[in-house]
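A.B. asks: This structure is in structure tokens; I'll ask about it shortly.
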Amino acid sequence: MQDKIAELVDQIPALDKRGTFTGPSWDEAMPILDGILAAGKEGVLAVIGMLKPVDDGGDYKARYVLHALAQLVGRPGKDAARTIVAEALAAQPNGYCARQLQVCGTKNQAPALGKMLADPELCEYAAQALLAIREGAVEEFRKALPDLKGASRLTVLQALGVLADAASADAFKAAIADADAEVRLSGGWGLARIGEGVDLVIKAADVDPGYERIKATSNALLLAERLLAAGKKADAVKIYAHLKETRTDPSEKYVRDIAAGAL
Amino acid sequence: MPSRRKFLGTAATSVGFFAVSPSSLIASPKQASPNETYGGALIGCGGRGPSTYQEMTKGLPVEMRAQCDVKFVGKADNKMFYTDFRRVLERKDIDLVAIGTPPHWHALISIAAAEAGKDVLCEKPMTRFIAEGRAVADTFKRYKRIFQIGTFGRFGASKDKKNIETHKIMRSGLVKDPGVFVKSGGLKVKEWSGRVNLAPQTPPAHLDWNLYVGAAPMKPYVGPRHGGTHRGYWDYEGGGLADMAQHTLDPYQWIYGKDDTSPVEIEASAPPAHPEVCGMWGWIEMKYADGFTLVLDSGEWGNKYDRKEAKRVALADLDEPIRAKIQAMPDPEPLVTFAEAVKTRKQPGGNAEAAHRCAILLHLANIAIRTGRKLKFDPVKEEFVGDELANRYVNPPMRAPWHL
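See the structure below:
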């Protein structure tokens, strides 16, 4: 079967002299893609087996075929094919396959992607695939966060903010007091997204002038809007009143004006 | 366009064709400055950057106070030259920011600039994906800042009598057959196709690759991903279509009165797309809810578009009662320039909402190319209807710490 799959993949056109690529039309591509799908999950795994560890252009045909399959199975009525492709892509931890799961993955691949979060090399791609899939993602992020450090921790913390995960309030509250400014801002943004932590977010916004103050103030304004939308007017007023009182420097007049306008 | 060397030598103080009196500056809500000029900054100094900065200074007294580029490693002094835009935006003496970076940075820097109280003139295309544009428009509204996109075709188009007539006809909502606009060629499809056959390299010492990549997925450095040829990579732009369509379509979006809506059906003729690099496509057909059809025909791949003939609705073709109603409509207000907007706080002609609607066109087109299927779009929710996988391209996740 491997030879047959290799023959199909090899039908993808060659690059031009400049190194740019033009694929076959969908009509021309369909026999190639259908031939691979006809071999089931093993057929897709055979294509994955052609990937080189590093993308240096030498395996562009296999990469292209996998991406075309990921797009094809998103069409209406392709649920069975989508299952085949997605299961194959999730079979082994692989950054390129994770990126294709961002295109076509389902909740069934969330656990496999969740395991990749622990690998610093794969964490970003796995997180992005999980955020694209959404369903089943938040559990994986919650599970992974306590053991993560550095960039991976920030990636997952931000993902929980994107998902506005109220169950992660304690993680956001811990983050807003972190030694790292980017983690602090991510924690404040998470709290703003879930509509919690008024005092913490206000305190964070009072940091010395600079980029962190600008962004932390933005978090405070976002939180105030979320609180207003949730009917928590008193908490929102507390934020606006604080910003109105504290943004007295002429360079922050625009913030004072926003706060005053909201009161 | 001046050479970069010449630009850096002459742009320290740029006063446009008319000066602003101190009294009018007092009326302006601009931030405190140590003198009566506006403090200007350019973020993204290569390619279109210098021209974008010069556009920003037209009609305004602007002093160049900062230049920022990720390729300034070793040159940055954090006084005039910077590698990190965040250090520029925290300066109190910067009022106006020109953004000439690749498009994957346009939205995030625009938003951060508004949050820092700055007005922005941003090179086109406005965004890398649809949700970015909504975030930019909402942020500039919240912060009451000025945003102008760096393409100006609509300013001239909106003064033409024939265009004003078409604009009024389309805005009237009284026309049953609103016509077809076909843009043929000029979209640089092959020119801005990316290269596939490249092995990872070590980034040059003068380039902060991590900051360049920004919110896009981290990929190993290869030369063409930076420096103009970035246009050929999905991570940073979206090919000739993204590079040229906002420029090309912006005046027509005004002429056809579509600044506040988007197409509802999108279909592309293209081969399956490559995952990393932008490539060839033939045509894209986009239909609005009122029946108006907008077509981009590249003329560079596949068969020529032949579904519909171009047809521009004219007043003379309409029945008398409808013609009379349209003729009774007032002409649209003249578009406000960036300089006027900065001084008066009125919205400029290429404001964030209008620019976002135009950027949506190129994003819809590219998503139709990438997914390879006919799509339906909800212009109010700004998402695809009944296509969860196409919606994954509306607001793709960003690499931390960057987010909308």
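Protein chains in written order, with the working numbering: chain A, 3 to 265; chain B, 24 to 427.
Beta carbons: idealized from backbone N, C-alpha and C, even for Gly.
Here the structure is a predicted model, which is why all the values come from computation and not from measurement.
Name, in chain order, the residues that DSSP records as bridge partners for Gly202 of chain B.
C.D. replies: As a first step, residue 202 of chain B must be located in the second sequence, where it is residue number 179. DSSP lists B:Arg335 as partners of Gly202 of chain B.
A.B. asks: For the region 202–227 of chain B, list every residue whose C-beta sits within 8 Å of some C-beta in chain A, in sequence order.
C.D. replies: Those would be Lys213, Ser216, Gly217, Arg218, Val219, Asn220, Leu221, Ala222, Pro223, in chain order.
A.B. asks: List, in chain order, every chain B residue whose beta-carbon is nearer than 8 Å to that of Tyr266 of chain A.
C.D. replies: The structure shown does not extend to residue 266 of chain A, since chain A is modelled only from 3 to 265, so the question has no answer here.
A.B. asks: List the endpoints of the continuous alpha helix (DSSP H) containing Ala222 of chain A.
C.D. replies: Taking the first sequence and counting its residues from 1, the one referred to as residue 222 of chain A is at position 220. Segment 213–231, the alpha helix (DSSP H) holding Ala222 of chain A.
A.B. asks: Figure out for me which residue from A:Lys6, A:Asp5, A:Arg65 has the closest Cα to the Cα of Val219 of chain B.
C.D. replies: Start at 1 with the first residue of the second sequence, and residue 219 of chain B comes out as number 196. Of A:Lys6, A:Asp5, A:Arg65, the residue nearest in Cα terms is A:Arg65.
A.B. asks: Output the distance between the C-alpha atoms of Ser195 of chain B and Gly45 of chain A, rounded to the nearest integer angstrom.
C.D. replies: Here the question's residue 195 of chain B lines up with position 172 in the second sequence. Here the question's residue 45 of chain A lines up with position 43 in the first sequence. Distance between the alpha carbons of Ser195 of chain B and Gly45 of chain A is about 56 Å.
A.B. asks: With DSSP collapsed to three states, give me the class of Cys301 of chain B.
C.D. replies: In the second sequence, the residue the question calls residue 301 of chain B occupies position 278. Cys301 of chain B falls in the coil class under three-state DSSP.
A.B. asks: If you follow the alpha helix (DSSP H) that Thr440 of chain B is part of, which residue opens it and which one closes it?
C.D. replies: With chain B running from 24 to 427 in the structure shown, residue 440 of chain B is simply not present.
A.B. asks: Can you pull the chain B residues whose beta carbon is under 8 Å from the beta carbon of Ser27 of chain A, in chain order?
C.D. replies: Here residue 27 of chain A refers to the residue found at position 25 when the first sequence is read from its first residue. In chain order: Pro294, Gly325.
A.B. asks: Looking at the C-beta of Ala413 of chain B, does it have a partner C-beta in chain A at a distance below 9 Å?
C.D. replies: Indexing the second sequence from 1 puts residue 413 of chain B at position 390. Taking Cβ atoms only, chain A reaches closer than 9 Å to Ala413 of chain B, which makes this a yes.
A.B. asks: With a CB to CB cut of under 8 Å and the five nearest residues on each side skipped, what residues in its chain are close to Met352 of chain B?
C.D. replies: Taking the second sequence and counting its residues from 1, one reaches residue 352 of chain B at position 329. If we look at Met352 of chain B and ignore the five residues flanking it on each side, its Cβ neighbours are Lys191, Arg194, Ser195.
A.B. asks: Between the region 151–166 of chain B and the region 273–281 of chain B, are three or more C-beta pairs nearer than 8 Å?
C.D. replies: In short, these stretches do not touch, since the Cβ pair count stays below three.
A.B. asks: Express the C-alpha separation of Leu162 of chain A and Arg144 of chain A in angstroms, rounding to a whole number.
C.D. replies: For the purposes of this step, residue 144 of chain A is taken as residue 142 along the first sequence, with counting starting at 1. For the purposes of this step, residue 162 of chain A is taken as residue 160 along the first sequence, with counting starting at 1. Cα to Cα, the separation comes out at about 8 Å.
A.B. asks: In angstroms with no decimal places, state the Cα-to-Cα distance between Leu74 of chain A and Ala413 of chain B.
C.D. replies: Translated into positions along the first sequence, residue 74 of chain A becomes position 72. Translated into positions along the second sequence, residue 413 of chain B becomes position 390. C-alpha separation (whole angstroms): 12 Å.
A.B. asks: In chain order, what residues of the same chain lie with their CB nearer than 8 Å to the CB of Gly97 of chain A, ignoring the 5 residues before and after it?
C.D. replies: Working through the first sequence from its first residue, we reach residue 97 of chain A at position 95. For Gly97 of chain A, where only same-chain residues beyond five positions count, the Cβ hits under 8 Å are Glu123, Leu124, Tyr127.
A.B. asks: When DSSP labels each residue in this structure, what does Thr367 of chain B get in the three-state scheme?
C.D. replies: Residue numbering aside, residue 367 of chain B sits at position 344 when the second sequence is read from its first letter. If DSSP states are grouped into helix, strand and coil, Thr367 of chain B belongs with the helices.
A.B. asks: Out of curiosity, what's the CA-to-CA distance linking Leu48 of chain B and Glu308 of chain B?
C.D. replies: Taking the first residue of the second sequence as 1, we reach residue 48 of chain B at position 25. Taking the first residue of the second sequence as 1, we reach residue 308 of chain B at position 285. Low per-residue confidence applies at Leu48 of chain B: pLDDT is 34, beneath 50, and the placement is therefore not dependable, though the value from the model is reported in the following sentence. Near 47 Å, if we compare the C-alpha coordinates of Glu308 of chain B and Leu48 of chain B.
A.B. asks: Taking its Cβ as the centre, do 16 or more other Cβ atoms sit within 10 Å of Gly179 of chain B, making it buried, or is it exposed?
C.D. replies: Taking the second sequence and counting its residues from 1, one reaches residue 179 of chain B at position 156. Burial call: exposed.
A.B. asks: Ignoring anything shorter than 4 residues or poking outside the region 117–194 of chain A, list the alpha helix (DSSP H) runs there in chain order.
C.D. replies: Correct list: 125–135, 139–146, 152–164, 171–177.
A.B. asks: Using DSSP bridges, identify the partner residues of Ala291 of chain B.
C.D. replies: For the purposes of this step, residue 291 of chain B is identified with residue 268 of the second sequence, where counting begins at 1. For Ala291 of chain B, which the question treats as bridged, DSSP gives the partners B:Ile307.
A.B. asks: By how many angstroms is the C-alpha of Glu323 of chain B removed from the C-alpha of Val212 of chain B?
C.D. replies: Working through the second sequence from its first residue, we reach residue 212 of chain B at position 189. Working through the second sequence from its first residue, we reach residue 323 of chain B at position 300. The straight-line gap from Cα to Cα measures roughly 7 Å.
A.B. asks: Identify which residue in A:Leu224, A:Ser27, A:Gly21, A:Lys19 has its Cα closest to the Cα of Gln13 of chain A.
C.D. replies: Here residue 13 of chain A refers to the residue found at position 11 when the first sequence is read from its first residue. That would be A:Ser27, whose Cα lies nearest to the Cα of Gln13 of chain A.
A.B. asks: Would you tell me roughly how many angstroms separate the C-alpha atoms of Ile178 of chain A and Trp191 of chain A, rounded to the nearest one?
C.D. replies: One-based indexing of the first sequence puts residue 178 of chain A at position 176. One-based indexing of the first sequence puts residue 191 of chain A at position 189. Between Ile178 of chain A and Trp191 of chain A, the C-alpha separation is close to 9 Å.
A.B. asks: I'd like to know if the region 117–135 of chain B and the region 392–410 of chain B are in contact, where contact means that at least 3 CB-CB pairs between them fall below 8 Å.
C.D. replies: Result no; under three Cβ-Cβ pairs closer than 8 Å.
A.B. asks: When you compare the CB of Met151 of chain A with every CB in chain B, is at least one pair closer than 9 Å?
C.D. replies: Here residue 151 of chain A is taken as the residue at index 149 of the first sequence, counted from 1. Per the sequence presented here, residue 151 of chain A reads as Lys, with Met not at that position. With 9 Å as the cut-off, Lys151 of chain A does not count as an interface residue toward chain B.
A.B. asks: Residue range of the beta strand (DSSP E) that Thr316 of chain B falls in?
C.D. replies: Position 293 of the second sequence, counting from 1, holds the residue named residue 316 of chain B. Taken as a continuous stretch (DSSP letters only), the beta strand (DSSP E) holding Thr316 of chain B covers 316–320.
A.B. asks: Our contact map puts Ala391 of chain B next to Pro148 of chain B with C-beta atoms below 8 Å; I'd like the distance itself, whole angstroms only.
C.D. replies: The residue you call residue 391 of chain B lines up with position 368 of the second sequence. The residue you call residue 148 of chain B lines up with position 125 of the second sequence. So it is not a contact: roughly 16 Å between Cβ atoms.
A.B. asks: Quick one: list the residues of chain B neighbouring Leu223 of chain A, beta-carbon separation under 8 Å, in chain order.
C.D. replies: Position 221 of the first sequence, counted from the first residue, corresponds to residue 223 of chain A. Here the neighbours are Arg165.
A.B. asks: Would you mind stating whether Leu35 of chain A and Ala90 of chain A have Cβ atoms separated by less than 9 Å?
C.D. replies: Start at 1 with the first residue of the first sequence, and residue 35 of chain A comes out as number 33. Start at 1 with the first residue of the first sequence, and residue 90 of chain A comes out as number 88. No, Cβ-Cβ distance for Leu35 of chain A and Ala90 of chain A is not below 9 Å.
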